[in-house]
Amino acid sequence: SRVAGEKQAQQGSTAASGMIPELNLSSESDAAMGSLVNYNPFAVQQTVRTWLFEPLMQQSSLDCKVVPWLATAYTWESPSKLVFTIRQGVKWSDGSPFTAKDVAFTYNLTKKYPPIDLAGVWNNTFGPKAKSVTADGDKVTFEFEGPAATKFPYLIGQKIVSEKEFGPAGDPAKYVSKNPISTGPFKVASYNGRQLVLERRPDYWQADKVKVQKLVLEGHYSDNANQAAAKLKAGELDFYSGEIPNPEKAFVADDPKTNHVWYAPNGVTVVAPNLTKKPFSDVKFREALAHGMDKQRATEKATYGLMKVASQSGLPLPQKDDMLPSKYPADSTVIPFDLAKANQLLDDAGYRKGSNGVRQNPDGSPIKITFSVQAGWIDYEAMADEITSNFRKLGLDITVSKMPPEAVDQQKKSGNFQLMINYMGAGCDYAHGMGATVSTAEIPDKTTIKGNIGRYSNPAVDKAIGAMASATDEAATKQQVGVLVDAMMTDYPVLPILYAPARAIYRTDHAVGWPTADDPYANPQDQPLVWITHLTAAPSK
Amino acid sequence: MRYFARKIGFFVLTLWAVVTLNFLIPRLQPGDPAELMVQNLAGKNAQLNRAQVEAMRDLLGAPSGSLFSQYWSYLGQLAHGDLGISYTYFPYTVAEVIGKAFWWTVILVGAVQLLSFAIGILLGAFAAWRRNSRFDTSVTVISTFVGTLQPFWIALLLIYGLGYGLGWFPTAGGYEASTPGFNGAFLYDALSHAFLPALTLMIVTPIGWILGMRNTMIMNLGEDYIRLARAKGLPDRMIALRYAARNALLPSVAGFALALGGILGGTILVESVFDYPGLGRLMGEAVGIKDYPLLQGLMLLTAVATLVANLIADLLYGVLDPRARRAAA
Amino acid sequence: MALLDVRDLSIRYEPKQRPAVDAVDQLSFSIDEGEFVGLIGESGSGKTTVGMAVLRLLQRPGRISGGSITFDGTDIAHLSQDELRKYRWREISTVFQSSMNALNPVTRVEAQFADVIQCHTQLRGGEVTERIRTLFDMVLIDPKFMTAFPHELSGGMRQRINLALALAIGPRFVVLDEPTTGLDVVVQHSILENVRRLQAELGFAVLFISHDLGTVLDLSDRTMVMYAGKLAEEQATRQLLRDPLHPYTKGLLGSYGDPRAETVRITYVPGRPPDLAHRPDGCAFAARCPERIDRCAEIEPARTEAGEGLVACHVAAIQRGADGSGIEVGPPIRTFAGPQFVKSAAASAEAARGLPLVTVDDVSKTYVRRQGLRAVRTEAVSGANFVLHRGGVTALVGQSGSGKSTLARMITGVDAPTAGRITFHGSDGDQVVARMRGRRLRSYRGSVQMVFQDPYSALNPTKTLGATLARPLINFQQLHGSKLRERVIELLETVALSPGERFVNRYPHELSGGQRQRVVIARALAVEPELIVADEPISSLDVSIRAEVLELFDKLVHERNVGILYITHDLLSARMLCDEVVVLNEGKVVEQGPALDVIRSPQDDCTRLLLDAIPNPFAAARS
Amino acid sequence: MSTVATETVTAPAVADRWYRVVWSSKKARVGIVVVAIYTLVALLAPVIAPYGPTDGSFTPLTGPSAQHLLGTNVAGVDVFSQVIYGSRVSLIVGLLGGLLATAIALVIGMVSGYAEGTFVDDVLTFLTNTALVIPVLPLIITLVAYSDTRGIPLIVGVIAFTSWAGAARSKRAQIITLRNRDFVTAAKFSGDGTFRIIFSEILPNMTSLVAAAFVGAATGAIGAEAGLAVLGLGSSDSVSWGTILYQADAAGAISQGLFVWVFVPGLVLAILITSMAFIIFGIDLLSNPHLRED
Ligand SMILES: Nc1ncnc2c1ncn2[C@@H]1O[C@H](COP(=O)(O)OP(=O)(O)OP(=O)(O)O)[C@@H](O)[C@H]1O
Ligand SMILES: Nc1ncnc2c1ncn2[C@@H]1O[C@H](COP(=O)(O)OP(=O)(O)OP(=O)(O)O)[C@@H](O)[C@H]1O
Ligand SMILES: [Mg+2]
Ligand SMILES: [Mg+2]
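Chains as they are written, first to last, in my numbering: chain A, 1 to 541; chain B, 1001 to 1329; chain C, 2001 to 2623; chain D, 3001 to 3294.
As structure tokens, this is what we get:
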């Protein structure tokens, strides 16, 4: 195509220098945004989200390894006191030096303006709130009202802004930033309302690692997967982390040498029964269901077989194998599809078939199950359809009810549902990732959706989650996670189906060095800043 | 005078009803905008970050007070011409957001409507004129067939056929590399981007005009003044256009004014498929993300446009049909 | 050589779902350059059809099924529309039967002249305007109306403009198809005077189609009489008046009289025209002919020269010695030997006075029209007073726009008066018409019926005649099934639409103008009302059927004690039918009294004007 | 006179029955036949379709083959069977939705036009204008979101409820031009009630307008049903052509080369609506007897 042709011509001239002349990515703002420019990292809609501002550290949800970024190191001086060492020699894009004071300024700004406190530093969301954030030399110290280890993954993700720009800006939520002062690897070269061109900063603190001269961001494909696939195939996109149905066939098959896809396991998609409703309140019933789900077929339909079936432990395996208590051999936690066993379990638990061949409650009352699913979320629909047909084979009277996502949300809040598909976090904050699904504190209320939509409640689990707040090292964390895994394996509060993906759909004709299944050095979806420093020019053919 | 007072009274009353509905409808929809927006930013397969939801709620300033007091302040705002601040594009105001999208839609759909009206009228007139000829049959059959295709389906066809297959036209967006402004490069850029969406709409819109025109024209062809025109030995073209078509045009013109009013609401699907930066897409998004202020603004815009078009249709009819001048004016 | 020569022209209507109708059968005639030829004949006899054929404007399902139409040496019957174009308007132009509706409603009059002038002549720009101005002068219309839209002109003006349009580029031949129907006599008179004058000046030939005997005889050099799709007779007009050959012609002539005469006699032709889909053997008129002989029922009479004209009648041919068969028939008689409708002065004067039926008491009606910001008030009726009686007929006469229809609408309860009151003295007490609602209004309509003025809009185009006529019968007389059908057919026959079976399933557009008007009359008769408000019920009917309808009304009055409000501008029919005359001018009653008194000694100028405008061919013929 | 009376009238023509009139148009004939075939397919769906419409037991996303004429979808359902079954919902939604919307438009438009200038007209006109002006999509979403059961009747109702206004307006305009014709007054004299006058005298003069509006409404309804399906507001457990189309789009059928999956439902839909439009050409003959002759 036209655009690709031009690009090739340019590439010829600069490829020799080992640099990548240009990469094409999809836009990070809505198309309708037009020339409503706003580079403010606190804004709801940002012209660009990824490439200008940087956080203190980056943590991959895949392996929970912490990569130092604007901070070089951190230490928990106590479970309620965290100290970062700030990187020296970093320059803001206007040439002025970046200091610890900017860091403290940023965090204190979020204190002053709660609407921008996305990391929840100053409230009780992920742990007790902070008392103060102060800078001293190259150190920035966080003091919390209590043990706050669970806040760490959120806290380090805060994008750091300069005091110079935001000091005079007033309410940062209402501030429109047109000339951003940032630390990131790129700065704005041009924006015409549609196409954003970013150019490499030679004075970036790790400029030697950034080989991409120019980033061109254009087009928003969130509800237009076909277009994205076509653009990718045409070489007009180099990387895409949105959804493309059946990427192997729609994209990779077109040119397997250059076209690649990697779906990294990012979380767990689970069937969430409402434990307050019969017969789901019965753990035996849930156990039977866990054996009666054809997870393999569900992943074939929902993710075109790209994702693996999930372990009942709730942990994404094999990435988090090391978190698994030793009593569970890794491969034993994936419950195989076994209808006979499921039937056996149901029979044993007293859910006998009535004269019409449909199972009844032990007390003889009929069972009628409605599976609520978000209409239009085709992967969810596919899973629901498959699992429903599996459960029907168990003799259960079950129907799928497809409804608007908002209506599903409403049911989550009201608890007025029977079965649902839900997402179970698998981040590095086990207390609020995995824990959110089983913690009593996370049972949704009328106005807020929280993670524990099944309304599972277990004091041992709650206690373990509480303990994680002061678990600042891995061993301590593992011990508490073990309690959660136990609950998952024995109580079946939710029934994992498959791992939800972090997507990377990319081409290797311009750049190589993307994170892959073999070299999962970064979460492709969450850590572009990491992979951009790994990319190198494709060897010329 | 009473007549105009009445007309204006009705206009205001309808406007009020619409404003009230505009206020109520979004509020009646289930779903929490803050949650939806965070979910939207994170992707559906992600856990809701509750801190973010809280922050978002603070940011948007959750509506407070009773429904009634909200309604009052909404009316007050409107009276000052203030449409509020968009949730999605915070801190940009609704007016600014709509302003960006406005001309894209108006120019694209306006041009399409004009063109398909002209084409539809001409084809319809000639089909009626040569009723039951092969031309008539093919025009009615073909236009009916393509006119009943779903626009979305046509769009797919075009994107893959002319867009990716042949590579003739860009398939997404309103423009690409050029800087908006009044210059050749940009116009070329914008036109080539507008081509496929325009074509999609062009395929489905003329049918109504064709059939409508054909219908009224056939009725009119039986009238005595057409017979007289024939007896006058005027060239067929003149009879067809000046006599038959001129008269048959009247109902269509009134319909056209209405269609123009509807421009602002009618292209959600096509604009979304083509990622076109217009009002339809904006409306689609606003509905999806529950951006109440934006949604209200768009609905108000559509409503006012339609109402005004309605009024113009009335007046236009008076101008075009001298008979109506005294009856209706 | 004749300018127009029509030979053996046959025209068929071939509707898809019904048997074909031979509307015109082997018709031959010719017209010379500059000649003024009248074509008269019974309603539905095919006059309009012939005119349309000559103009080549027949519409489906009609088509020329045989014969030729030679215009200036070329057979135009089979030319394509393209080839025809060079004849159109330059050579042959026309004024239609419903010429009021023949102007393009959305363009200015001027433009409708300009397009045809520019199309056929070299004139451009100012010359065109100049030409239009001359044409307007010619038909006596102020040229300031050039820029008007058709609806801004009165009916009479529109007809005159059509005439001017027909003459716009000096054609050699003009077809005038009932150019003045629906106009009052005064306007009618002035228009036709115009035509005659212009024809004399410009020398074009005219085919003048009309059912109005008086005007045709008044104007034309030669007259052709049509009956059932054939020419019955053709003679120079003066001669025709003096010595009509065909019995049907005699019948037509006999239906004309002078309203002022002591005793008015009107003949009418009894019986029904034949079903054109099944022509009888022999003479089509035989069944109705008082002079018929045996031969008439068997052999179709050929067109023969007899006396000074052409006639298709055995008897006339024998009488004039044009037939050698030697059959004995008596000497020719001048008048129609059939029934007559007679009204003597005495009979008119002693008119029965029944009880009052409707009282019109100081009634006014003001229409308010909006013109831009201004409200224009039209006082259509002001302060009208009169009484309608049971078993009595009141004529409401007046010029066009004098408020006749408006009064009719108020009396029938369609509109309400703005002032005054109209009271109906029914069997269950007096009621104010304007206050009637719902059931009462419905039952009022069972006793008061209206014959609408415009037969074109009074019939639902989507309903067959049968369906239209069935409604009142179902609603007011609870008839159903075969009874209903019988009664419907009977009604059709009553108004001379026969055979009824042939008409029940027709749609209005398949009827001639006069046939439609008769359906409208039949509908009003269906419910056997106490009062009939007839608004120009016979304007589109030929004299013969006219007389028959009058007779029908008369019978209703005498036998059923029905009251009639007869709206007309035709004083002759008023004299024949009515006991009382109310003359209306510009909404005011200017004169009222016994019919004969008003007609004989009119007090108001307006009445006199109406009387003077009545054409009187006999006067001319006798002189 | 006697001769006339004895003359027999052969073949007394029967009044044109409306169905015969409609059938006499070639286009209408084609339309009727096609619609009839569709109806038959819908009725016989279980016989014709090789598999169930929700039977997801096949390999997902296969192209056309002998077993699966149109391939299978993401859920491993046979698309051909879906298309066959889909005719049910699409026909019902199209016909009922079209009918209901037309009926509402008819009643409101006709009554308001007939009563022009009165209070009734004012109220109805106000209603119509308001309905014309409020954006349909958000309204539909709100209406549907508030109902628990999301069956076909609801969808049909909602679609009809939101789409009648334009048609009502044009009908009002039309009836105003017809209402003052003498034949309407004449019908009053014939003793017909207002209702009968509106619907039996005036309506036949507008059948082509009404029929055109019906096809417009039916097209709109089928499209709207599909649109609702994609918004997650469709009927939860039935397949329609609209849902198939949108599933195909959402699953990126075209980028995967599964063309028939997209084309066939779009095509059958267009053919159905086209044939309905063709029937109008026959119905035109009803309101305009003039046209019957060619
Ligand atoms: N479309 C048609 N289909 C069938 N018959 C028709 C059609 N049009 C006219 N006719 C018949 O043809 C005959 C001639 O009609 P035409 O209009 O020429 O009569 P006319 O002499 O002009 O009568 P009038 O004086 O009433 O205008 C009538 O009997 C009429 O019923
Ligand atoms: N609906 C109306 N609105 C306004 N003016 C009207 C209306 N109807 C009639 N008029 C006017 O009222 C006057 C009387 O009209 P009407 O129809 O009663 O006359 P008429 O005596 O029946 O005439 P004609 O012989 O031409 O039928 C005319 O000037 C006419 O223009
Ligand atoms: Mg005639
Ligand atoms: Mg009148």
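A virtual CB, placed ideally from N, CA and C, is assigned to each residue, including glycine.
Computed from a predicted structure; not experimentally measured.
Chain A places no beta carbon closer than 8 Å to that of residue 3040/D, leaving this residue out of the contacts. Boundaries of the alpha helix (DSSP H) harbouring residue 2120/C: 2109-2120, taken from the DSSP string.
Taken atom to atom, the span from the alpha-carbon of residue 2543/C to that of residue 2046/C is near 16 Å.
By the C-beta criterion, the segment 3056-3066 of chain D is judged not to be in contact with the segment 3094-3112 of chain D, since fewer than 3 inter-stretch pairs fall below 8 Å. Identification of chain A residues near residue 1088/B by a Cβ-Cβ cut-off of 8 Å yields 30, 44, 45, ordered along the chain. Excluding its 5 nearest sequence neighbours in each direction, residue 2121/C has C-beta neighbours in its own chain below 6 Å: 2169, listed in chain order. Between ligand 4 and residue 2453/C, a heavy atom-to-CB distance of less than 7 Å is present. Residues of the segment 2436-2458 of chain C whose Cβ lies closer than 7 Å to any Cβ of chain D, in chain order: 2442, 2445, 2446, 2449, 2450, 2452, 2454, 2457, 2458. Counting along the chain, residue 319/A sits inside no beta strand (DSSP E), nor does DSSP assign it H or E at all. Exclusion of residue 2588/C from the 7 Å shell around ligand 2 follows from its C-beta lying no nearer than that to any non-hydrogen atom of the ligand. Proximity of chain D to residue 2414/C at the Cβ level (cut-off 7 Å) is accounted for by 3185, in chain order. With three or more CB-CB distances shorter than 8 Å, the segment 147-155 of chain A counts as touching the segment 459-469 of chain A. Going by beta carbons, residue 119/A and residue 154/A fall inside the 8 Å limit.
For residue 2377/C, no chain D residue has a Cβ inside 7 Å of its Cβ, as the nearest lies near 18 Å away.
Taking a C-beta cut-off of 8 Å against chain C, the contacting residues of the segment 1239-1254 of chain B are 1242, 1243, 1246, 1247, 1250, listed in chain order. Within the same chain, Cβ atoms closer than 6 Å to the Cβ of residue 2230/C are found at 2025, the five residues on either side in sequence being excluded.
Every alpha helix (DSSP H) of 4 residues or more that sits fully in the segment 2028-2109 of chain C is shown, in chain order, as 2047-2055, 2081-2084. The contact set of residue 194/A on chain B, defined by CB atoms closer than 7 Å, consists of 1173, 1174, 1175, 1176 in chain order.
Residues of the segment 1096-1120 of chain B with a C-beta less than 9 Å from any C-beta of chain D: none at all. In this structure, DSSP gives residue 1120/B a helical state, which the three-state scheme calls helix.
With a beta-carbon spacing of about 37 Å, residue 497/A and residue 212/A fall beyond the 8 Å limit used to define contacts. Residue contact check for residue 3223/D against chain B: a CB pair falls below 8 Å. Against chain B, a Cβ distance below 9 Å from residue 152/A picks out nothing, because the smallest value is about 14 Å. The residues 2227, 2228, 2230, 2274, in chain order, have a CB closer than 7 Å to that of residue 2284/C in the same chain once the five nearest residues on each side in sequence are set aside. At a Cβ-Cβ threshold of 8 Å, residue 1270/B and residue 1180/B do not count as neighbours. Secondary structure note for residue 2178/C: it is in no alpha helix (DSSP H), with a DSSP letter that is neither H nor E. When 1067/B, 1207/B, 1184/B, 1059/B are compared, the shortest CA-CA separation from residue 171/A is found for 1059/B. Proximity of residue 3288/D to chain B, defined by a Cβ-Cβ separation below 8 Å, is satisfied. Going by DSSP, residue 2230/C is part of no alpha helix (DSSP H) but of the beta strand (DSSP E) stretching over 2230-2236. Contact of residue 3204/D with chain C is assigned, a C-beta pair being separated by under 8 Å. For residue 142/A, the number of other beta carbons within 10 angstroms of its own is at least 16, and it is reported as buried. Counting the other CB atoms within 10 Å of its CB gives residue 209/A a total below 16, which places it among the exposed residues.
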